[in-house]
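Q:
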Amino acid sequence: MRSVRTNNRESFFKYMSAPTAAVVLERCTLRWSSPLLFNDPFDVPRELSFGLRPEDIVRALARRISNLIEQPPEDTSRLEPKVRLIVETVKKGITADLKAQLLAGLSDSVETLRPTGQSMEEFRQMWRDLLPQFRILCLTESPSHTAMWYHYADQYRGVVLELRCDDELDSAWRIAKPVTYPTSKPAVYTAEGWAEILTTIKNLAIEELLVVATYTKAPDWSYEKEWRITSFSRPPESGLFTDYRLNPQELAGIYLGPNISTPDRERILALAARYPAVAIRQVSIGMTREFHFSSVDG
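With this note's numbering, the residue at position 103 of the sequence shown is 106, and numbering never jumps.
#1: Could you check if leucine 106 belongs to the surroundings of the ligand HEM, using beta carbon to heavy atom distance under 7 Å?
#2: Can you tell me the Cα-Cα spacing of glutamine 158 and isoleucine 283, whole angstroms?
#3: Please say whether threonine 92 and glutamate 227 have beta carbons closer to each other than 8 Å?
#4: Is tyrosine 258 closer than 8 Å to tryptophan 35 when the C-beta atoms are compared?
#5: By the three-class DSSP mapping on this structure, what secondary structure does glutamine 285 have?
#6: Note down the Cα distance separating leucine 201 from threonine 233, rounded to an integer number of angstroms.
#7: Looking at the unbroken beta strand (DSSP E) that takes in isoleucine 232, where does it start and where does it end?
#8: What is the residue span of the beta strand (DSSP E) that serine 297 lies within?
#9: List in chain order: all unbroken alpha helix (DSSP H) runs of 4+ residues lying wholly within the stretch 41 to 81.
#10: Please report how far the alpha carbon of aspartate 300 lies from the alpha carbon of leucine 55, in whole angstroms.
#11: Where do the N-terminal and C-terminal ends of the alpha helix (DSSP H) with isoleucine 271 fall, by residue?
#12: Would you grab the beta carbon distance between alanine 107 and glutamate 195 for me? Rounded to a whole angstrom, and I think it's under 8 Å.
#13: Just list the alpha helix (DSSP H) runs in the stretch 197 to 224, keeping only unbroken ones of 4 residues or longer that don't cross its boundaries, in chain order.
#14: For the beta strand (DSSP E) containing tryptophan 35, name the first residue and the last one.
#15: Going by DSSP, name the residue or residues bridged to threonine 245.
#16: Threonine 98 to glutamine 74, Cα distance in whole Å?
#17: What does DSSP give as the partner residue(s) for threonine 143 in the beta ladder?
#18: Is it buried or exposed for phenylalanine 235, if we count other Cβ within 10 angstroms and need 16 for buried?
#19: Could you check which residue in Ser6, Arg5 and Gln285 has the C-alpha nearest to that of serine 147?
#20: Taking contact to mean 3 or more Cβ pairs, one atom from each stretch, closer than 8 Å, check whether the stretch 76 to 86 and the stretch 35 to 47 are in contact.
#21: Would threonine 245 be called buried (16 or more neighbouring beta carbons within 10 Å of its own) or exposed?
#22: Alpha carbons only, please: which of Ile60, Asn10 and Ala156 is nearest the one belonging to threonine 193?
#23: Between isoleucine 288 and alanine 179, what straight-line distance do the alpha-carbon atoms span, to the nearest angstrom?
#24: Would leucine 133 and alanine 24 be called neighbours here (beta carbons separated by less than 8 Å)?
#25: Report the rounded CA-to-CA distance for proline 118 versus alanine 216, giving the unit in angstroms.
#26: Counting beta carbon pairs with one atom in the stretch 162 to 177 and one in the stretch 272 to 279, are three or more of them shorter than 8 Å?
#27: Pick helix, strand or coil for threonine 183, following the three-state DSSP scheme.
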C-alpha cells in the first residue's frame, strides 16, 4: 500500500563524508539510526528528565485532574483509563459531597507525592526501551548550506546526495516532516505538560513525546532547515541502526565538495557510473563567497 505524501517537495539532500558516500553508492542503501548514535546532546533526549521537581509535577497533576472534574470534557477517549473512569462518573452526575471528597483526595496526594513515582518511572522505562528501536533519517532542503558542508560533509571534503521524491517508487522521503525551531520550550518541558502526559493513554502520550523530541530543536539549529523521517526496527533487525535499500532511480544528484580529494573524487565518479540517470555536480566557492555548481561528465 502506497504511503500518503506529507510534503510537496521534489527532492531532499543528505550531507556526508566521501567515504560514507562511497558506501552508500556501492551498497545502494541509506543508514537510518537510533538517536542513541547521534553526536548532538541537544537532540532527541536519552532520558525523560527535564529538570522538573516531582512535587511540581504532582501539583500540576492535581490541578489538571481537578479541572477535569470541575469541567469534564466531551471527549474522554485520550484520557488514561483511571482518569477517564473518574471523569465519566462525574459527567453522569455525582453529589457535591462526593466531588468534594475527590478534590480533597487530590490534595492528600499532593502531600504524599503518590501519583508520580511509579507513573513517571513507567514512562521513563518505556522511553529507554523504545530508543534503541527508533530509526531516524535526517535530510535537508538545499545543497548550499555552508555550515552543513563544514559540519556534516567533512569540512567541504565530502559529498551531498540529492534524493528524488518519486511517487511511482513510493519514496520514503515523500513522508518527511520538517523540524521546527520554537523560541519557547514545548509543553513537555513543563510541569503542566507532564501533568497532561500522565493523564493521557500511555501509547498516545509516548507518540506525542516522540513527535516533540524528534521534530523540535532549539532555534540555534534553524539554519539546518532539517526534515526527518522516522521508523522502527523490524524483526529480525537488531542493533542501533538499519541500512534500508535505496532505489537507484531515487538518486537524483551527487554534489562533490569543494575540497574533495582527488582519490575520493575518482572513487565517487566510478561508483556514480552505476547510476546513469544521476546528475553529477562539482561544487566550488567563487570570489563572491557563494557556492557554484558545475556539471560533471561521468
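Heads up, the beta-carbon is just placed ideally off N, CA and C, and yes, glycines get one too.
Predicted model, so just to flag it, every value in this text is computed and none were measured.
A: Put simply:
#1: Absence of the ligand HEM is noted for the structure shown, with no ligands found whatsoever.
#2: Along the sequence shown, one-based indexing puts residue 158 at 155. Along the sequence shown, one-based indexing puts residue 283 at 280. Distance between the alpha carbons of glutamine 158 and isoleucine 283: 20 Å.
#3: In the sequence shown, counting from the first residue as 1, residue 227 sits at position 224. In the sequence shown, counting from the first residue as 1, residue 92 sits at position 89. No, the pair does not count as a contact, with Cβ atoms beyond the cut-off.
#4: Walking along the sequence shown from the start, residue 35 turns up at place 32. Walking along the sequence shown from the start, residue 258 turns up at place 255. Not closer than 8 Å, so no.
#5: Reading the sequence shown from its first residue, position 282 is the one you call residue 285. Strand.
#6: Within the sequence shown, numbered from 1, the residue matching residue 201 stands at position 198. Within the sequence shown, numbered from 1, the residue matching residue 233 stands at position 230. Distance between the alpha carbons of leucine 201 and threonine 233: 24 Å.
#7: Walking along the sequence shown from the start, residue 232 turns up at place 229. Its beta strand (DSSP E) spans residues 229 to 235.
#8: Sequence index remark: in the sequence shown, residue 297 carries index 294 (1-based). Note, serine 297: beta strand (DSSP E), 294 to 299.
#9: 57 to 73
#10: Within the sequence shown, residue 300 is the residue found at index 297, counting from 1. Within the sequence shown, residue 55 is the residue found at index 52, counting from 1. Each residue's alpha carbon lies about 57 Å from the other.
#11: Mapped onto the sequence shown, residue 271 falls at position 268. Start and end: 265 to 275.
#12: The residue given as residue 107 occupies position 104 in the sequence shown. The residue given as residue 195 occupies position 192 in the sequence shown. About 22 Å; that fails the 8 Å criterion.
#13: 205 to 218
#14: What you label residue 35 is simply residue 32 of the sequence shown in a count that begins at 1. 32 to 36 is the extent of the beta strand (DSSP E) around tryptophan 35.
#15: Here residue 245 refers to the residue found at position 242 when the sequence shown is read from its first residue. Partner(s): Trp35.
#16: Against the sequence shown, residue 98 aligns to sequence position 95. Against the sequence shown, residue 74 aligns to sequence position 71. Going by the C-alpha atoms only, they are around 15 Å apart.
#17: Indexing the sequence shown from 1 puts residue 143 at position 140. The partner list for threonine 143 (beta bridge, DSSP) reads Phe16 and Glu229.
#18: For this step, residue 235 is matched to residue 232 along the sequence shown. It counts as exposed.
#19: Residue mapping note: residue 147 aligns to position 144 of the sequence shown, counting from 1. Taking only the C-alpha atoms, the option nearest serine 147 is Gln285.
#20: no
#21: Position 242 of the sequence shown, counting from 1, holds the residue named residue 245. Buried is the call here.
#22: Mapped onto the sequence shown, residue 193 falls at position 190. Here the closest residue by C-alpha is Ile60.
#23: If you number the sequence shown from 1, residue 288 lands on position 285. If you number the sequence shown from 1, residue 179 lands on position 176. So the alpha carbons of these two residues sit roughly 30 Å apart.
#24: For the purposes of this step, residue 133 is identified with residue 130 of the sequence shown, where counting begins at 1. For the purposes of this step, residue 24 is identified with residue 21 of the sequence shown, where counting begins at 1. Against a cut-off of 8 Å, the Cβ pair of alanine 24 and leucine 133 comes out as no contact.
#25: Locating residue 118 in the sequence shown gives position 115, counting from the first residue. Locating residue 216 in the sequence shown gives position 213, counting from the first residue. Here proline 118 scores only 49 on pLDDT, less than 50, and its place in the model is too uncertain to base an answer on.
#26: no
#27: As a position in the sequence shown, residue 183 is number 180, starting the count at 1. Threonine 183 falls in the strand class under three-state DSSP.
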